[in-house]
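Asker: Protein chains in written order, with the UniProt record's numbering: chain A, 1 to 413; chain B, 1 to 413; chain C, 1 to 413.
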Amino acid sequence: MIEGTAFLELLERQRAGWTLEQPFYLDEDIFAFERDRWMSRQWMLMAHIAELPAKGSHIVRDLFNESIVIARAGDDDVRAYFNVCTHRGSRLCKADGRAPLLVCPYHAWSFKLTGELQSRADVPDGIDPADLGLHPVSVHLVEGLIFCALPSDALPDPAPAFDVLGPALRQHGIKRARIAARKSYPTNANWKLVLENAFECYHCRNAHPEYTNVNGHVQVTGMRDAAKAETWADEIAHWQKTITGADGFDMKHRDPGSLDRLSYSVTRHPIGRGRATLSRDGAPVSKLMGAFADYDGGETQFRFGRLSFASAANDHVTLVQIQPRSAQQTDMVLTWLVDADADPALDVEPIQWMWDVTTVQDKRIIEDNAAGIRSRAYRPGPYTALEGETATFVQSYRAEMHALVCDDAGVGG
Amino acid sequence: MIEGTAFLELLERQRAGWTLEQPFYLDEDIFAFERDRWMSRQWMLMAHIAELPAKGSHIVRDLFNESIVIARAGDDDVRAYFNVCTHRGSRLCKADGRAPLLVCPYHAWSFKLTGELQSRADVPDGIDPADLGLHPVSVHLVEGLIFCALPSDALPDPAPAFDVLGPALRQHGIKRARIAARKSYPTNANWKLVLENAFECYHCRNAHPEYTNVNGHVQVTGMRDAAKAETWADEIAHWQKTITGADGFDMKHRDPGSLDRLSYSVTRHPIGRGRATLSRDGAPVSKLMGAFADYDGGETQFRFGRLSFASAANDHVTLVQIQPRSAQQTDMVLTWLVDADADPALDVEPIQWMWDVTTVQDKRIIEDNAAGIRSRAYRPGPYTALEGETATFVQSYRAEMHALVCDDAGVGG
Amino acid sequence: MIEGTAFLELLERQRAGWTLEQPFYLDEDIFAFERDRWMSRQWMLMAHIAELPAKGSHIVRDLFNESIVIARAGDDDVRAYFNVCTHRGSRLCKADGRAPLLVCPYHAWSFKLTGELQSRADVPDGIDPADLGLHPVSVHLVEGLIFCALPSDALPDPAPAFDVLGPALRQHGIKRARIAARKSYPTNANWKLVLENAFECYHCRNAHPEYTNVNGHVQVTGMRDAAKAETWADEIAHWQKTITGADGFDMKHRDPGSLDRLSYSVTRHPIGRGRATLSRDGAPVSKLMGAFADYDGGETQFRFGRLSFASAANDHVTLVQIQPRSAQQTDMVLTWLVDADADPALDVEPIQWMWDVTTVQDKRIIEDNAAGIRSRAYRPGPYTALEGETATFVQSYRAEMHALVCDDAGVGG
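(1) Would you grab the beta carbon distance between Gln321/B and Ser308/B for me? Rounded to a whole angstrom, and I think it's under 8 Å.
(2) Taking Cβ positions only, does Thr19/A come closer than 9 Å to chain C?
(3) What residues of chain C sit near Glu66/B, judged by a beta carbon separation below 8 Å?
(4) Output needed for Val164/C: all residues of its chain with C-beta closer than 8 Å, excluding positions within five of it in sequence on either side, in chain order.
(5) Should Thr384/C and Gly89/B be called a contact, given that it needs their Cβ atoms to be closer than 9 Å?
(6) With C-beta atoms as the reference, is Gly297/B less than 9 Å away from Thr277/B?
(7) Any beta carbon from chain A within less than 9 Å of Ile127/C's own beta carbon?
(8) Residues of the segment 72-101 of chain B with a CB closer than 8 Å to any CB of chain C: list them in chain order, please.
(9) Give the secondary structure of Gln22/C by DSSP, where H, G and I count as helix, E and B as strand, and everything else as coil.
(10) Looking at chain B, which residues of the segment 179-209 of chain C have a Cβ within less than 8 Å of any of its Cβ atoms?
(11) Please report the distance separating the alpha-carbon of Asp153/B from that of Pro105/B.
(12) Taking Thr187/A as part of the beta strand (DSSP E), name the residues at either end of that continuous run.
(13) So, is the C-beta of residue 430/A closer than 9 Å to a C-beta in chain C?
(14) Spell out the partners DSSP gives Ile322/A in its beta bridges.
(15) State yes or no: is the C-beta of Met332/C within less than 9 Å of the C-beta of Asp362/C?
(16) Determine the chain C residues that contact Ala385/A at a beta-carbon separation under 8 Å, and present them in chain order.
(17) For Thr5/A and Val405/A, I'd like the C-alpha separation in whole angstroms.
(18) Checking contacts by CB at 9 Å: is Leu132/C closer than that to chain A?
(19) Cβ of Glu235/C within 9 Å of Cβ of Gly282/C?
(20) Following the continuous alpha helix (DSSP H) through Gly222/B, name the residue where it begins and the one where it ends.
(21) If distances are taken between C-alpha atoms only, which option among Ala16/C, Gly126/C, Gly17/C and Phe33/C comes closest to Glu3/C?
(22) Secondary structure at Gly282/A, three-state DSSP: helix, strand or coil?
(23) Taking C-beta pairs closer than 7 Å, name the residues in chain B that His107/A reaches, listed in chain order.
(24) What alpha helix (DSSP H) runs, 4 residues minimum, are completely inside the UniProt domain "Rieske" (43-148) of chain A?
(25) Which class does Ala6/C belong to by DSSP, given the choice of helix, strand or coil?
(26) Run through the segment 191-222 of chain A for me and flag every whole alpha helix (DSSP H) of 4 or more residues, listed as ranges in chain order.
(27) Does the pairing of the segment 71-79 of chain C with the segment 46-54 of chain C give three or more beta-carbon distances under 8 Å?
(28) Between the C-alpha atoms of Leu337/A and Ser67/C, what's the straight-line distance to the nearest angstrom?
(29) Just curious, the beta strand (DSSP E) that Gln301/C is in, first and last residue?
(30) Counting only C-beta atoms, is Arg13/A closer than 9 Å to chain C at any point?
(31) When you compare the CB positions of Leu150/C and Leu45/C, do they come within less than 9 Å of one another, or not?
(32) Could you give the distance in angstroms between the alpha-carbon of Val357/B and the alpha-carbon of Leu259/A?
(33) Using the C-alpha atoms, what's the distance from Ala121/A back to Asp128/A?
(34) For Tyr264/B, which residues does DSSP report across the bridge?
(35) Within the chosen definition, does the segment 384-400 of chain B reach the segment 96-104 of chain A through at least 3 CB pairs nearer than 8 Å?
(36) Under 7 Å Cβ-Cβ, which residues of chain B neighbour His135/A?
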């Protein structure tokens, strides 16, 4: 673990508006601190309820490098456990499945879906079987989305945030979706570089020709051009008038959050240029979802906490998880949702296309960024006006780290 | 190296009858301590004399991550050396072979089979060639088995143990065997997890259906069932009466050993259910070995020190080496012996079958155990009544580590 | 970083005339010290001007584990930069190419060939774009050879050495050569083991039969045999008489160098046995280079600093770079040059043959040397009379390290 005083010095030396000092992107000790003190306060989007179709359904997933088992114990009762048997410590589940009990493959110890040890005959005398239940992981189920967090006293209550986000999630019909596809993009870079990239579109014109072609907003998020900005403002204003019907909504909420309060945002804008959805040519790619009776050509962007995102078009939704693995490894995982009643023979390629091609490009540019930062010549550089959200994220990160380090040191955070 | 006081605290915190605390299974510093202080006192079964058929035969093997050369210098004269030239430090031997001298491939320095430098012409003036002999490794040759140990003043004398084990080794004709097959099972787990698994059969019913089908003893070692225990006791009693002839023997010896005394055991029981040998259907798979004039259907299990084992049926023998590689890597190496006069065209698959299928399964369950133990949720769990030998091993390990740490600290061990 | 006192003790314990203690070949902390304090004073041969044929040509290479961009900014103006954008730290160039500006693939920031930031429109107010130029790497261009060094106040001036070496480089026509082939030999060994091997031919007879067959000097550098030494002395004397024409030269210069003065050498001898060049049968393999009007059968060996070498025959030149990667990894990179006007369809295999076959063998023997040194049994061994240059190199290394450690400790070096 990095020594407190040195870490504090590094945090205080950091200039606002500039990229982070090198150790924040490379150092395994700083990553260990982040994992133990910061990630333990983060809720992560882990699964969709469609992955647990019935009581006894269970899935094996990774949360902050911990293997966890998420199990459906009842209709609205989803539980999660560390994937560790309490007898000798073996992995309990090797694969997704369905069973009335969770049975360890080593010595056949079995556990109820609610975590209690079921097979008590071999427990030595003097040991209370009640002490041998599975180790729980925190779960929050909302509108079909399953969020998990490592157990911690300092975990923020997610309910207030989802009270705000609920209407937008319901509008998009996320609860009654099914999973169309999932793809993982392992990326050799620190998780903060992945987020820094996600929070700005300054790189879009240069690095994402397909994305730039689809999305009207790049005219203001990807460049500074007064004429184009005016055109885009006109297009938004026109669009906002067209969506004030029963099926549309015009929402913008944001809470910067803190260590103790879930950070989130939801914003909505037209895709633009007459496009109905986020496809190659703008034409529909699946059945309309949720409360949409017709295409309005909007995209709703959600952020849940610091590491989970969604992009919702009228007929499909893309969930994004940013999973830190180590100081220099991060997984980006994308999951595409469509309506439960969408054609089972649906071609998923057009649904995946935009975010897949963009994420493949992002992986490359993020890895190039990480490679450059490993150089002894790397120095923090200045964020430009088009990288404001990135600078804000880095500033929040710095403030939260500072509070955690001071907290450790017994200094008022 | 782990700091003495912290290690002592960890050892003293450990509860008897429970699995070890996490660091004992993961920590490279603890492994380094084990390697330097504990493994240096262990004899390891390294080879069979059939691998060195003539004077000048030499083989290259790994002992505790050290490459060593074992060479036959005479009829009963087996020597072993670190595989390091004393000139520039190059590897001396790259492969098994036979030659009158050991010649370094770098600058052609040559050494006698007894270790002395042969080529002295280039040795600079003022340096005594006698100081440039090969670095010896300790060797103990007994009944055709070659045991090696890293040089250490604290190495226990193996002779007393082998005085006890000798009759059983001779009965099984191990000295005049030949090697039928060898297979390595690299396992991503701490060596103690491999031994903990080897010392109990509680997992057999669940994890080893083939082994359970072959071996009658699983009725008492793999479950607690009074009726089955009685049946098995009857079968043993009946079998013991049948083997009091010239060819059978009924032996049970065990020395728990210590840091200074070789731990060993030999036990013997019927395979059961009318089986002649450890094959799929119980039918013979090779020529009878040693003093056996007829099949008696028994299996003799040997343990030599802490890391070497043998399972001897009437017509073949399986040697087992447990080779620690790092804190989280261990090799299990199995060698199958048959009588020297067994048919050269013998099909070895039926001979390997039982231990091969069982060891493949063991590798998997041990690796699952290791994976679970890496979790932050892992806590020591209780050993049951069917894991008594495993608990005993862990207790011995703890006592020996405690003595070594106290020894280092100058505290009475 | 290794603690100064411990390092000093290790250096002072080292016996002259014996191989280094184990940590010098294995320890990553010592390598880190070497990299930060010693390699930062070394010039490394990086490229030939033929790789940068025109203004705007740029190439991406590795110097001491740093990716650098070498660019031709004008006729005799070669620049080098760390391959790091000053905006967010991304890799600037991914591949060799030619362009009027160096443009970052992330956000399209562009830089002049002379390093200044070109695209200044997005630089935030209050930040001077002049502070955002590329980070320079030192370059020395001489006779078409491009040497680079990491920026350091303590870098020795290469000019005096090249004043001496210039005539020999010109005689061999190195400036107007083109690259015939390049090959990298990644070697799992410390860089000093690679150099120790390069500085002696004691191993040649045993390890390099092809090299020994070609090169007459092995009669004295690879063995101690009075009769052969006399024959070889006669052959040299005879050869020296034949080359006193306009096209030949007879040069021998050497400066042991120091931390502050470039170490170099140039020596010249006949290949011997009537051979015209360093080919399988001694027959020419390309067009004569430089000032040679006819074959004189000589080889000129150059050493530039500690890590770069060249072997020049009459019709081709082999450049050698020794690139340390980590404590136990080194790349040997060989580049074969021929005259710019040599037949474009030239078969390069006969040109590469001798040094390729020899370097493949060297990689193997050096890796075997490194493997043996990893053993706990490794002890320093004595260099023989045929390893004098190796002993000298090790002695220089020890003296330079000693000076650097004392310098750090504030003790007079």
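Glycine is no exception: its CB is placed at the ideal position from the N, C-alpha and C atoms.
If you're wondering where the values come from, they're calculated on a predicted model, not measured in any experiment.
Answerer: Let me lay it out:
(1) 6 Å
(2) yes
(3) Ser375, Arg376 and Ala377
(4) His253, Asp255, Tyr264 and Val266
(5) no
(6) yes
(7) yes
(8) Phe82, Asn83, Val84, Cys85, Thr86, His87, Arg88, Gly89, Ser90, Arg91, Leu92 and Lys94
(9) coil
(10) Glu196, Tyr202, His203, Arg205, Asn206 and Ala207
(11) 32 Å
(12) Ala177 to Thr187
(13) Limits of chain A in this structure are 1 at one end and 413 at the other, which puts residue 430/A out of reach.
(14) Met332/A
(15) yes
(16) Asp122 and Pro124
(17) 9 Å
(18) yes
(19) no
(20) No alpha helix (DSSP H) holds Gly222/B; DSSP gives it neither H nor E.
(21) Phe33/C
(22) coil
(23) Tyr202, His203 and Asn206
(24) none
(25) helix
(26) 191-198, 204-207, 209-214 and 218-221
(27) yes
(28) 42 Å
(29) Gly298 to Phe304
(30) no
(31) no
(32) 52 Å
(33) 12 Å
(34) Asp255/B and Phe304/B
(35) no
(36) Ala377
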